[in-house]
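Quick notes on the structure that follows.
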Amino acid sequence: MEILLLNSLYTLLFRAPPFSSAQGRERLNIGDSLSVEREGDELISPKGTFAAGFIQVGENAYCFSIWYARRPGEKTVVWMANRDKPVPNTNSEIHLNKYGTLLLISGGEGKVWESATAFRRDGKTLELLETGNLVLTNGTGEFVWQSFASPTDTLLPGQQLTRNTVLVSNRDAGNYLPGSYSFKFNDDNVLYLIYSGPEVSSVYFPLQDSAVYAQGRSNFNSTRLAAIDDMGAFSSSDLFHFSSSDYGRGPRRRLTLDHDGLLRVYSMKEPNWAWEVVWFLDMGVCRVHGLCGSYGICIYAPEPTCTCPPGFSRKDPSDWSKGCLLPFNLTFDQANVDFLKFPRTDYYGYDLDTFSQDVSLENCTETCRKDHRCKGFGFKDRTCYPKFVLLNGRRTPNEPNTIYIKVPTAMAGKEGEGLALIQSSINGSGRIINTSSGKPPSDGVRNLYLRYLVGFVGTLGAMEVVLIVLGWYFIRRMNRSTEPVKKGYRLQQAMGFRRFTYTELKKATTNFSEEIGRGGFGQVYRGLLEDGKTAVAVKRLDGVTQGEAEFWAEVAVIGRINHINLVRVLGFCAEGKHRLLVYEYLENRSLDKLLFSSDATKVLDWEKRYSIAVGTAMGLAYLHEECLEWVLHCDVKPQNILLDEHFRPKLADFGMSKLAETGAGGGDACRGKFEVSRARGTRGYMAPEWISNQEVTAKADVYSFGVVLLELVTGRSASGANGGKWNQLVRCVKEKVEERQHEGGAVEELVDKGLQGDYDMAQVELFLRVGLLCVTINKDERPTMSAVVGLLLGDKFSPLANPLVKTPIGRS
Numbered sequence: 001m002e003i004l005l006l007n008s009l010y011t012l013l014f015r016a017p018p019f020s021s022a023q024g025r026e027r028l029n030i031g032d033s034l035s036v037e038r039e040g041d042e043l044i045s046p047k048g049t050f051a052a053g054f055i056q057v058g059e060n061a062y063c064f065s066i067w068y069a070r071r072p073g074e075k076t077v078v079w080m081a082n083r084d085k086p087v088p089n090t091n092s093e094i095h096l097n098k099y100g101t102l103l104l105i106s107g108g109e110g111k112v113w114e115s116a117t118a119f120r121r122d123g124k125t126l127e128l129l130e131t132g133n134l135v136l137t138n139g140t141g142e143f144v145w146q147s148f149a150s151p152t153d154t155l156l157p158g159q160q161l162t163r164n165t166v167l168v169s170n171r172d173a174g175n176y177l178p179g180s181y182s183f184k185f186n187d188d189n190v191l192y193l194i195y196s197g198p199e200v201s202s203v204y205f206p207l208q209d210s211a212v213y214a215q216g217r218s219n220f221n222s223t224r225l226a227a228i229d230d231m232g233a234f235s236s237s238d239l240f241h242f243s244s245s246d247y248g249r250g251p252r253r254r255l256t257l258d259h260d261g262l263l264r265v266y267s268m269k270e271p272n273w274a275w276e277v278v279w280f281l282d283m284g285v286c287r288v289h290g291l292c293g294s295y296g297i298c299i300y301a302p303e304p305t306c307t308c309p310p311g312f313s314r315k316d317p318s319d320w321s322k323g324c325l326l327p328f329n330l331t332f333d334q335a336n337v338d339f340l341k342f343p344r345t346d347y348y349g350y351d352l353d354t355f356s357q358d359v360s361l362e363n364c365t366e367t368c369r370k371d372h373r374c375k376g377f378g379f380k381d382r383t384c385y386p387k388f389v390l391l392n393g394r395r396t397p398n399e400p401n402t403i404y405i406k407v408p409t410a411m412a413g414k415e416g417e418g419l420a421l422i423q424s425s426i427n428g429s430g431r432i433i434n435t436s437s438g439k440p441p442s443d444g445v446r447n448l449y450l451r452y453l454v455g456f457v458g459t460l461g462a463m464e465v466v467l468i469v470l471g472w473y474f475i476r477r478m479n480r481s482t483e484p485v486k487k488g489y490r491l492q493q494a495m496g497f498r499r500f501t502y503t504e505l506k507k508a509t510t511n512f513s514e515e516i517g518r519g520g521f522g523q524v525y526r527g528l529l530e531d532g533k534t535a536v537a538v539k540r541l542d543g544v545t546q547g548e549a550e551f552w553a554e555v556a557v558i559g560r561i562n563h564i565n566l567v568r569v570l571g572f573c574a575e576g577k578h579r580l581l582v583y584e585y586l587e588n589r590s591l592d593k594l595l596f597s598s599d600a601t602k603v604l605d606w607e608k609r610y611s612i613a614v615g616t617a618m619g620l621a622y623l624h625e626e627c628l629e630w631v632l633h634c635d636v637k638p639q640n641i642l643l644d645e646h647f648r649p650k651l652a653d654f655g656m657s658k659l660a661e662t663g664a665g666g667g668d669a670c671r672g673k674f675e676v677s678r679a680r681g682t683r684g685y686m687a688p689e690w691i692s693n694q695e696v697t698a699k700a701d702v703y704s705f706g707v708v709l710l711e712l713v714t715g716r717s718a719s720g721a722n723g724g725k726w727n728q729l730v731r732c733v734k735e736k737v738e739e740r741q742h743e744g745g746a747v748e749e750l751v752d753k754g755l756q757g758d759y760d761m762a763q764v765e766l767f768l769r770v771g772l773l774c775v776t777i778n779k780d781e782r783p784t785m786s787a788v789v790g791l792l793l794g795d796k797f798s799p800l801a802n803p804l805v806k807t808p809i810g811r812s
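For the sequence shown, position 524 matches number 524 in UniProt numbering, and the numbering has no gaps at all.
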């Protein structure tokens, strides 16, 4: 009896809702809110098709969402405000404040999300339309903000996908965190499906082994609009069209990018309101990138199934996307290297090079054996494809390619196990083909948890009352520095990098004693973390006036960007007035220190220069077209191209312009919003539009990259002591090229004399052609970075492979 009384008292004081029979509402007005704690506190569309409110996504974790409400007990989510930052069930609410802005308040952290109405503070009413669109309107009924303008993983009929929006898959079935797949328009006006993994990113639709034109698509438009209508027909400005199998009016439909990377259209069928797939992207599940992870191979047996090569094991039994574990270290001697052979198998992409001059299998094997970067190679039609990463593995009966995986000799020779895949490997089809139903945790699991919680609370109710009161008293008076530590821990957990204290970084850098670089945003120091093994580069940021919350938000964007040709961000520090970023340390420093030094040619031979150019282009292409946050670098130059121990390039300082400036303007220009308050960049590398008050796009970075290409050929700097007048290098190269074309001059005069003729003339001319194309004054005539990558790699399907580009420089 005592326990029951204490439990009742606890419920009365802390769990009872403010009013007993909260019902679905038609609208919110100024000052109104929806609360996590009030059961059934929801907005309902006029005919009851959709509802908006809080759904549970984990233990004491809730997200403000919109879902189909037709089927009782089942919530198919079509939109979320805070999918990457859930709120607790205490003192959390969505609130329409007096300024007409919709705010999501977390009981533990304050504001975690707001509607993008900062410059339109005239919102009066929040309503959920029968289309599923949550709209904030002013006094005249005009939309001030709408959920249709910021989709998550789903498009509803009438909702548009535009140049500024993107669909991002859920992480897994029932896990609403952002996943690895996205569907969006790239800078070349084509809809792409993109895999963004922890190490690499890649496009898997449209297929990249043929031009978009060959697949019935077109980039000759600037509209960038796509939508599915209420008849079940999808149309896009790039000519990507399809219709659902139940085409016609009637059923409710949704287009969803599921967690397995495939697009599907679902129809809700009466009378049980169940979902049925009425269209899906028929490209073959095994062609979706990232499903089976590194070394994993996707096969049809008969359903899509992941498997590991013999001798390998799964890294994570619950997640195939993490791939297979190498049972050995690849840094063994060449004499102890052999290869596992896999017929009818391919690992798509990530080639170190392509050798197609009638190469023998023996020569291909030796090339990979001697190259420590090579993890294996593909061999087809006497063409060799050495690979630095083995991802996107698939095996089909009609695949003409054979894969050879590098392993120790003892492993390869074990009773011929390397001759075929082990068909009995763990089946991963459940991870691949399950579709996202949008279901929250089941009612049975939730009710069991609640019964356990009530019993526990009943036992400790009286004690908790006292502890809460005392805890509130003392917590309010604790040192404010503890809250940033907690937030930093949460950020570390969510994003995979950590928050450092200023004291830690001061100790790691020996009081910032070893300066290794200096740029427009501050000094960079070498440091060594507490483990005594991890060397880091610590950048002290100057001119960053943002508050801690804004700084965290921007760091979160930078921290999510990950690519083999981008410098990895390990963490940050935001403490008092101090703002620092912590990067991986790269042994060979920046390109300018080698390229423009007196002994540059002893270190940077032509092969390294070619590799640096291609890697830098790939990094920029990822920033512009593949990562979830569209980022302009805004300061591409040799000082921001760092080289690791193998002279592989990694771009640094991406996203820095946003950190250095609050509000709109130039900073936003470097995050995809092209509203520029002032020119930024470095003299000699700045595109003309920076200073001519034109719209600044990703083509500004293309211009800067073109200048770097010319520097790699000539060994001359476009700025600084060696640069002379602004753009003198560009003018000089243009004059020499025109002289050779018209008067037979020697283009060899442009090549760095220190190379002493040891270079590939065809590649030199390619660099000059592409470089001059990139520095064209008219930005619309410059190629995209993905097109630049194709040109540098000799992509014959590139849309820029036209007579103008192919014209030899001065060749008679």
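Ideal Cβ placement from N, Cα and C applies to all residues, glycine included.
Between the alpha carbons of L594 and L710 lies a distance of about 15 angstroms.
At a Cβ-Cβ threshold of 9 angstroms, V407 and T383 do not count as neighbours. According to DSSP, C286 shares a beta bridge with no other residue. For E748, no alpha helix (DSSP H) run applies, since DSSP gives it neither H nor E.
In this structure the stretch 93 to 106 touches the stretch 29 to 40; the number of beta carbon pairs closer than 8 angstroms is three or more. For H95, the enclosing beta strand (DSSP E) starts and ends at E93 to L96. As computed with DSSP, W275 is found in a beta bridge with M268. In this structure N219 is in contact with V190, their Cβ atoms being roughly 5 angstroms apart against a cut-off of 8 angstroms. The C-alpha of T101 lies about 41 angstroms from the C-alpha of K322. Looking at the backbone, the Cα of F379 and that of L591 are separated by about 34 angstroms.
Judged by their CB atoms, R395 and T345 are nearer to each other than the 9 angstroms cut-off. In the structure shown, H578 falls within a strand segment according to DSSP collapsed to helix, strand and coil.
With respect to the 9 angstroms criterion, G53 and S65 are classified as neighbours on the basis of their beta carbons. Following the DSSP letters along the chain, one finds L709 inside the alpha helix (DSSP H) bounded by residues K699 to T714. Cβ atoms of E584 and V603 stay farther apart than 8 angstroms, at about 21 angstroms. Scanning L651, G754, C573 and R560 for the CA closest to the CA of W606 turns up G754.
Following the DSSP letters along the chain, one finds K85 in no beta strand (DSSP E), marked with neither H nor E.
Here DSSP, grouped into helix, strand and coil, assigns D346 to strand. Membership of Y502 in the alpha helix (DSSP H) is indicated by the continuous run Y502 to A508. Sequence-distant partners of K734 (beyond 5 residues in either direction) whose C-beta falls short of 7 angstroms from its own C-beta, in its chain, are L772. Rounded to the nearest angstrom, the Cβ distance from Y266 to R254 is 5 angstroms, consistent with a contact under 8 angstroms. Here the alpha carbon of E37 sits roughly 28 angstroms from the alpha carbon of N138. Put simply, the stretch 768 to 785 touches the stretch 615 to 634. At least three CB pairs are less than 8 angstroms apart. Under DSSP, N170 forms a beta bridge with P178. Excluding residues up to 5 positions away in sequence, Q160 lie with their Cβ nearer than 6 angstroms to the Cβ of A227 in the same chain. Taken atom to atom, the span from the alpha-carbon of E575 to that of N133 is near 40 angstroms.
When R83, L128, L155 and V747 are compared, the shortest CA-CA separation from V166 is found for L155.
Residue state for E142 is assigned as coil, using DSSP reduced to three classes. Under the DSSP definition of a beta bridge, E584 partners with V536. For W113, the uninterrupted beta strand (DSSP E) run begins and ends at G110 to E114, by DSSP. If you draw a straight line from the Cα of L586 to the Cα of T305, it comes to about 39 angstroms.
Within the same chain, Cβ atoms closer than 8 angstroms to the Cβ of F705 are found at T616, A617, L620, V636, C774, M785 and V788, the five residues on either side in sequence being excluded. Shortest Cα-Cα distance from S222 to any of D188, C732, F205 and P206 involves D188. Taking all protein chains shown into account, A687 has 16 or more neighbouring C-beta atoms within 10 Å of its C-beta and is therefore buried.
For L528, the secondary structure class from DSSP, reduced to helix, strand or coil, is strand.
For a cut-off of 8 angstroms, the C-beta gap from V737 to V707 is around 15 angstroms, too long to register as a contact.
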